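Please read the structure below before turning to the comments.
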Amino acid sequence: MWDDVTQHGVLIDFGAALNHEVLPEGWFNPSGTPPYAPPEFLQRRKGSAGDVWALGVTMLFAFKYVKLPDGAWILPHVFEEDLVLEEMKSWLNVVEGWREALIEQNHGLLAGMLEPDPDKRIVAAELELQLKVRRT
1 MWDDVTQHGV LIDFGAALNH EVLPEGWFNP SGTPPYAPPE FLQRRKGSAG DVWALGVTML
61 FAFKYVKLPD GAWILPHVFE EDLVLEEMKS WLNVVEGWRE ALIEQNHGLL AGMLEPDPDK
121 RIVAAELELQ LKVRRT
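In the UniProt record's numbering, the protein residues as written are 1 to 136.
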């Protein structure tokens with residue numbers, strides 16, 4: 001959202017971002033904003049890698065690759081209703097298509113944020129380091 005005072009964009013809606021260091025192993029809560037939920041959500045997994053994914057989706061919008069994601073499905077229903085599951089999978093396929101295009105366009109940093117495998121996805125510390133290197 002745009003902040004008129006600072007004349008900068010600000011990120012909002014971190015309701016599902018959690019301190020995973022204090023949560024029990026394997027803890028899962030099906031919360032979040034649907035289009036920003038990472039692929040591992042479908043395996044009932046959440047973690048800091050998912051926060052990087054959500055930021056990557058935000059950047060797809062910020063760089064005008066996609067319209068503002070507005071997934072109308074209710075996130076926990078992906079485990080109960082096939083139609084909702086298919087809607088989420090369809091969106092994940094759109095994101096994957098953009099990730100592949102970003103790789104071809106040599107935009108590896110954003111592509112790394114959208115890596116479908118959370119164990120291979122760029123981590124926040126590396127993302128920060130890469131952004132600092134590019135700024136200098």
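In this text, a Cβ means the ideal position worked out from N, Cα and C, and glycines have one as well. In this text the structure is predicted, and so the values were computed from the model without any measurement.
According to the DSSP assignment, lysine 89 belongs to the alpha helix (DSSP H) that extends over 82-104. Taken through DSSP and simplified to helix, strand or coil, proline 38 comes out as coil.
The beta-carbon separation of leucine 92 and leucine 102, rounded to 15 Å, does not stay under the 8 Å limit for a contact.
DSSP places threonine 58 in the helix class (H, G or I) of the three-state scheme. In this structure, the alpha-carbon of glutamine 105 lies about 30 Å from that of glycine 32.
A Cβ-Cβ contact shorter than 8 Å links glycine 47 with proline 118. Within the same chain, Cβ atoms closer than 6 Å to the Cβ of methionine 88 are found at Val78, the five residues on either side in sequence being excluded. In chain order, Pro38 place their CB closer than 6 Å to the CB of glycine 50, counting only its own chain and leaving out the 5 sequence neighbours on each side. Taking C-beta separations shorter than 6 Å and ignoring five residues to either side along the sequence, the partners of proline 34 in its chain run Gly71, Trp73 and Leu75, following chain order. Note on geometry: alpha-carbon atoms of valine 5 and leucine 83 lie some 43 Å from one another. For methionine 113, the CB contacts under 8 Å within the same chain, skipping 5 residues up- and downstream, are Val52, Trp53, Leu55, Gly56, Met59, Arg121, Ile122 and Leu127 in chain order. The continuous alpha helix (DSSP H) containing leucine 109 extends over residues 108-113.
A direct Cα-to-Cα measurement between tryptophan 98 and valine 133 gives close to 24 Å. Within the model, the alpha-carbon separation for phenylalanine 63 versus histidine 107 is close to 12 Å.
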